[in-house]
Every structure is written in structure tokens, then in C-alpha cells.
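Going down the list, the protein sequences come from chains P and A. Each number in the numbering used here comes from the position in the first sequence (counting from 1) with 5 added on. Each number in the numbering used here comes from the position in the second sequence (counting from 1) with 5 added on. Taking it in order: structure first as C-alpha cells, then the write-up.
Number of protein chains: 2
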Amino acid sequence: MPSKKNMNPEIVVVGSVAVDTIKTPWEKRANILGGSASYACAAASFFAPVGMVGVVGTDFPRRYRKLYESFGIDLAGLQSLPGKTFRWTGVYEKNMDVRRTICTELNVFASFHPDLPPTYRRAPYLFLANIAPDLQLHVLSQIEKPRFVIADTMDLWINTAREPLKELIRHVDLLTLNESEAHHLTGKAGLVKAAVRLLGMGPRYVLIKKGEHGSALFSDDGVFLLPAFPLLDVKDPTGAGDTFAGGLIGWMAERNRTDEITLRNAMLYGSVVASFGVEDFSLDRLAKLTRKEIETRAAEFRRMLALRA
Amino acid sequence: MPSKKNMNPEIVVVGSVAVDTIKTPWEKRANILGGSASYACAAASFFAPVGMVGVVGTDFPRRYRKLYESFGIDLAGLQSLPGKTFRWTGVYEKNMDVRRTICTELNVFASFHPDLPPTYRRAPYLFLANIAPDLQLHVLSQIEKPRFVIADTMDLWINTAREPLKELIRHVDLLTLNESEAHHLTGKAGLVKAAVRLLGMGPRYVLIKKGEHGSALFSDDGVFLLPAFPLLDVKDPTGAGDTFAGGLIGWMAERNRTDEITLRNAMLYGSVVASFGVEDFSLDRLAKLTRKEIETRAAEFRRMLALRA
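Have a look at this one:
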């Protein structure tokens, strides 16, 4: 459990806070804590002080707030509005490789207007998780001197908010998205071609997530390829991408470096934290995770990638 | 073009020699040179003297034999029998990710009995490409002191020749197969679980090929993960797995080392040679390939995998 508290956040994460109901081929869990901000903040908290920007309803269970606090997550940016918390219900089919959304209730999320507390505005590291691009831009505009900004997105915004999304992409350091979204946004079929097109839209880095097949980082200087850590048992893959991004930006913030070699190693750490996260539902595994376990698995992962003795 | 000739082979490859007709979404080529032995021998020839064990019919074009010779491939083990050469017709659909076999004519391959010329029997490196397991065993039995034996297989033999296949697996150093075949052979769903089960069947190493998602090497000591070299244009993926294995065993033979670090680097070289091979149909790209191009791309690939400056 992380211990850094009572400091202004070095990392600000904006995203969803959700109450999820999830069904896998083996198990069903109702009303568990989810949302991109939950996963990303929990992952980042292992490395540096992190502040959450999000919204919950008055029904948001007190124990979930306590859980955030146990990670040392700063909640000054977590608004509470009259109404119900955002809810998502999803089902994983076959070998967990197909996910179907059964139901989405926006609830208080529909009127979310992310205004940052003053203590957040000097944070150098920013993760704009997958929400509407105009909200992502609004959060970005409140950060005084961002040092490294990561943005995630999804098909919905590519379809419904392409112009604000393109505006956002011009202002971020790293755009992260999955392979099909990269193809969708660029109209390009090959991974390399899509990434080159995305780099032309403004960001220094494009990070393409390929789930169990790892990730690829593209920049003008070249490509970095990272396989996924091989998993024995995946209990719930929900939030893996946000856990990855949270761990990544956390590790960068801890080092306070933004060069490419740091970023490559940050991807390795993000992947390691995500590999733990999927071992249980919600934040259950992350809540028990120690920095020592992270370091042990990171060292193991390095050995799996080594071309020298 | 490789230059090592007039030496006894250090590598022996047994596999198919085929006349292929291939249709991709963009192009069709009829009666081109194919077969696992063609791809594997061509790839291995860049690194060490290689001898081919295979069979052709009397219709086998003289220019294809000349092409083999231009790679420096020893053809003492290439039998010529009355009748037609093995023929395969295949179609690639969508983005080349679905392959359908339209037609297979075994022809002389049906009566193939691979007897090795005396000059082959002291070869230390052996690649048993995908043919019937009893033929693979028969070839293996003729090698006096094999130092490193790789075997490939396919679903057909898992279904129709499971017992000889299991006997073969007990006697090889490295078993290579694709992900779905690993699941099929072991009945295990996860990659790691399938690999562990396969290791229990005898080989020191299990190499699982995942195509555009790279490959994973399993041994009792751990796992090595290698992404695929990112490709801009794939013209014809036929033979990529055999080109990979041929380059791999070639690089090992050149070094004459069989330790795991050598094997990991050999996988990198196999992947590089395969990345060239798919840039054109048949052996067309490999016929123009130089060792310098291989080294340049290998260095580029290493930079794509580096976690240190």
C-alpha cells in the first residue's frame, strides 16, 4: 500500500468513477468500484502523489472513498453531485477476449464539469483518461505548466467528437489508443501507417495498446515494442488499459524524466501493474499489492525480454 | 547472396518442396516455388552451409533448382521421382489474416521416403519442418550426433498421428508450433499453461509462434518474449514460419552455440529474415537479400526492443 500523502499531487488524473457490474465466464460481481480514474489513480499511487478529478453521486459508497484514501489518492478533485454515480454493466465472453456492454447509465457523469482545485494546477504530469475530448481540453487548460500529458480516447469520440478530439491531440505529448481505434481514427490499415499518420496530428508519442499482445510506442525517432507480461489467470480484464497508463505516468513522475528511455521503462512498469490488476476484480488486487511485488515482477519481466546474459 | 558452398552441410532441413499458386487481395501468382524446405533452406543459407532433404517430380522446373543453387543450398538430399511435384493452392483474405487452402495435390510427396546422403549424417543442426512425424523421426534417426534439433508440426498431425508426434517431441530440443496448435495438442487454453504442458512432453524448449504478434520461447528456466518486426507491406506471408525457423537455426549453426541467450538472438535473426521474406512472393525477396541488409535490420530491431540507451 502506498504511503505518500498530504502533498500536492504531482500527477492529475481525470476520468470516470463508476459502479460496475461485471460478468465473466466464471463469475459475476455486482456494484463493484470501477471507472478509468479509479484504475489509473490506484496504479499511479504506487509511484508518486496523485489527485483524482471525477464525479460521484450521493449514493457513492463511503467504503470506496476510504479505499481511494488507503491508496493515498488526493480526492480534492472528486466532486459529489446530487444523483446516482455512473454505472456500467459488462459481460466477458469466450476466453475473456470479447467484451459486451450491457448497460451504461451516465447519471451524474452527464453533468460533469471538471474544475480543478488550486492544489492540482501546478501538477506536472497529467493523464486525461477516456472522457469527452472537450472535457479533456478543459482540464488541460487549467494546468499551469504541464510537463507531460497523456490522453486516451475511444471509438465513441472518434465518431461523435472528431474535431475536439483532433484539437486535443495537437496538445498532448502522448496519445494512447488501441489498434482498432488507431485504424478508425486514421483510416489506415497497417499499424505503422496508422501510427505515422497519428504522429502527424501533433503528439510526440503515439502508444498503441494491443492487449494480450503488448504495446508499441511510436515517435519520430522510431518504434519501441513491448510484449505483454504473460498471464496465468485473468479474473477480470476491466481497467487494464487505465492501470497500464496510470502505472506508466506514475513511474515517469517518480523519476521526473520524460525522455524516451524513461518512457520505455515506464511502459514496462505500467504493464507490470496492469498484470497484477487483472488478477482480481475491481481494485481488489491493487489494494493488496506492494512495491516489492512490483519490483520483483518488473525484474522478472526484464529477464523475459533480455537479449544478453 | 550467400557464398558458402562445397562443404558438408552443418544444417539439414527436411520439409516440403512445393509448386504454389497463391492469391492475395491484390495479386495472384501461379506455379511459384514454395514449400517449407525451400523457405527454411534459403533463410538458413545466409549463415551456414545447409542441405535440403525433400522430393520433387520430373516436372520440377530447372530454374528452381538453379535458384536453390544460387543460395548455395546442397541438393544431394533432394530426390527426384517420376510424377508431379507437390502442389498447393491458397488464398489470403481480408487483411491477409485469413488463409484458406483451395487445393493440395500430394503427387510425389505421397511416396516420399527421406533417406539422407552420407554427407548429411554428421550435420549437427537439424530442422524437421512440418511433415508427417514418422518421416521426421526417420530423418532424425539417420543423424549421427545431432547437437540441436528443431521440429515443427501442424493440426493435421495432432489429429491423425498423435502418437508418433509425441514420440518425436520426446527427442527434439525445440518444438515450434503456433498458438492454436499448442492449445489443440495440450487441451490447455492459456499460452503459459499450454507451454508448460508441452515442456513436460520432453523438449528443452517450446517456441510458440504468434505471427504478427511475435513469438515466445519457453524453457524450464523461464520465458523469452519477442515481438514481431513491424512490417509496412506484406505481399505474401506464405512460408514466414519456415523462414523464421531457417534463419534461427542458421544463426545458431554459424555461432555453433546452443545456450539460451544464443537461441534468443537467433530468434531475432529468424524474425528479421522472415520480415524480408514476406515482402515478396516465393523466394523473390530472399534471392536479392544481402547479409548487410540482415545486419542493418537486426540492429534496427534491437533498438526497437531496447530498455537502455
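Even glycine gets a Cβ: it sits at the ideal position worked out from N, Cα and C.
Residue from the options whose Cα sits closest to the Cα of residue i
| i | options | result |
| --- | --- | --- |
| Ile136 of chain P | P:Ala23, P:Ser287, P:Ser280 and P:Tyr130 | P:Ala23 |
| Gly205 of chain P | P:Asp178, P:Gly88, P:Lys33 and P:Glu184 | P:Asp178 |
| Glu217 of chain A | A:Phe51, A:Glu110, A:Gly82 and A:Ser280 | A:Ser280 |
| Pro119 of chain P | P:Leu86, P:Trp93 and P:Asp226 | P:Leu86 |
| Asp238 of chain A | P:Leu196, P:Ile107 and P:Gly275 | P:Leu196 |
| Thr106 of chain A | A:Leu133, A:Asn36, A:Thr94 and A:Pro14 | A:Thr94 |
| Trp162 of chain A | A:Leu182, A:Ser146 and A:Phe132 | A:Leu182 |
| Cys37 of chain A | A:Thr243, A:Arg262 and A:Glu265 | The sequence given here has Ile at residue 37 of chain A, not Cys. Nearest of A:Thr243, A:Arg262 and A:Glu265 to Ile37 of chain A, Cα basis: A:Thr243. |
| Leu133 of chain P | P:His176, P:Val96, P:Tyr73 and P:Cys108 | P:His176 |
| Asn100 of chain A | A:Met309, A:Thr29, A:Asp225 and A:Thr124 | A:Thr29 |
| Met159 of chain P | P:Tyr210, P:Arg290 and P:Gly246 | P:Gly246 |
| Ser116 of chain P | P:Gly62, P:Pro123 and P:Pro151 | P:Gly62 |
| Phe153 of chain P | P:Leu288, P:Arg307 and P:Tyr210 | P:Tyr210 |
Local Cβ density within 10 Å of residue i, reported as buried at 16 or more and exposed below that
| i | result |
| --- | --- |
| Gly59 of chain P | buried |
| Lys71 of chain A | exposed |
| Arg302 of chain A | buried |
| Glu168 of chain A | exposed |
| Met6 of chain P | For Met6 of chain P, the predicted model reports a pLDDT of 48, less than 50, meaning its position is unreliable; a value from the coordinates is still stated below. Met6 of chain P is exposed by the Cβ-count criterion. |
| Trp31 of chain P | exposed |
| Ala304 of chain A | exposed |
| Val103 of chain P | exposed |
| Gly227 of chain A | exposed |
| Ser185 of chain P | exposed |
| Ala42 of chain A | buried |
Contact check, residue i vs residue j, beta carbons under 8 angstroms
| i | j | result |
| --- | --- | --- |
| Ile16 of chain P | Ala128 of chain P | yes |
| Gly40 of chain P | Gly20 of chain P | yes |
| Phe65 of chain A | Thr90 of chain A | yes |
| Leu180 of chain P | Pro208 of chain P | yes |
| Ala250 of chain A | Ile148 of chain A | no |
| Ala233 of chain A | Ile213 of chain A | no |
| Leu131 of chain P | Leu145 of chain P | yes |
| Asp25 of chain A | Val55 of chain A | no |
| Leu312 of chain P | Leu273 of chain A | yes |
| Arg92 of chain P | Glu74 of chain P | no |
| Lys240 of chain A | Glu284 of chain A | yes |
| Glu265 of chain P | Ser220 of chain P | no |
| Gly82 of chain P | Val113 of chain P | no |
Same chain only: Cβ atoms within 8 angstroms of residue i, ignoring 5 sequence neighbours per side
| i | result |
| --- | --- |
| Ser8 of chain P | Because the pLDDT of Ser8 of chain P is 47, which lies under 50, any placement of that residue in the model is unreliable, and the question is left without a value. |
| Ala5 of chain A | The displayed coordinates of chain A run from 6 to 314. Any statement about residue 5 of chain A would go beyond what the structure contains. |
| Arg269 of chain A | Leu222, Phe229 and Leu231 |
| Arg126 of chain P | Gln147, Ile148 and Glu149 |
| Glu172 of chain P | Pro138 and Leu142 |
| Glu298 of chain P | Phe281 |
6 angstroms Cβ shell around residue i - same chain, five flanking residues per side excluded
| i | result |
| --- | --- |
| Arg34 of chain A | Ile27 and Phe286 |
| Thr248 of chain P | Tyr44, Ala48, Val278, Ala279 and Gly282 |
| Lys193 of chain A | Ala199 and Arg202 |
| Arg260 of chain P | Thr267 |
| Cys46 of chain A | Val18, Val55, Met57 and Ile78 |
| Gln84 of chain P | Val60 |
| Ala53 of chain A | Glu15, Ile16, Gly255, Ala258 and Glu259 |
| Leu291 of chain P | Ala47 and Gly282 |
| Arg262 of chain A | none |
| Cys108 of chain A | Thr94 |
| Met309 of chain A | none |
| Pro151 of chain P | Leu131 |
heavy atom of the ligand MN below 7 angstroms from residue i C-beta
| i | result |
| --- | --- |
| Val283 of chain P | For the ligand MN, the structure offers nothing, since it holds no ligand at all. |
Residues near residue i by beta carbon distance below 7 angstroms, same chain, minus five either side
| i | result |
| --- | --- |
| Arg296 of chain P | Phe51 |
| Leu271 of chain A | The sequence shown places Ala at residue 271 of chain A, rather than the Leu named in the question. The answer, listed in chain order, is Leu253, Trp256 and Met257. |
| Leu170 of chain P | Pro138, Thr158, Trp162 and Ile163 |
Minimum Cβ-Cβ distance from residue i to chain C less than 8 angstroms
| i | result |
| --- | --- |
| Ala314 of chain P | Among the protein chains in the structure shown, which are P and A, there is no chain C. |
What are the residues in the segment 229-259 of chain P lying within 9 angstroms of chain A by C-beta distance? Phe229, Leu230, Leu231, Pro232, Ala233, Phe234, Pro235, Leu236, Leu237, Asp238 and Val239
Between the segment 268-292 of chain P and chain A, which residues of the former have CB atoms less than 7 angstroms from a CB of the latter, in chain order? Arg269, Asn270 and Leu273
Which residues, taken in chain order from the segment 97-125 of chain A, show a beta carbon closer than 9 angstroms to some beta carbon of chain P? Asn100
Near-chain P residues of the segment 195-229 of chain A (beta-carbon distance less than 8 angstroms), N- to C-terminal order: Gly195, Leu196, Val197, Lys198, Lys215, His218, Gly219, Ala221, Gly227, Val228 and Phe229
Quick one, which residues of the segment 60-72 of chain A are near chain P if we go by CB-CB under 8 angstroms, in chain order? none
Just by C-beta distance, which residues in the segment 31-43 of chain P are closer than 7 angstroms to chain A? none
Taking a cut of 9 angstroms between CB atoms, which residues from the segment 293-309 of chain A lie near chain P? Glu305, Phe306, Arg307, Arg308 and Met309
Taking a Cβ distance cut-off of 8 angstroms, strictly less, list which residues of the segment 131-147 of chain P are near chain A, in chain order. none
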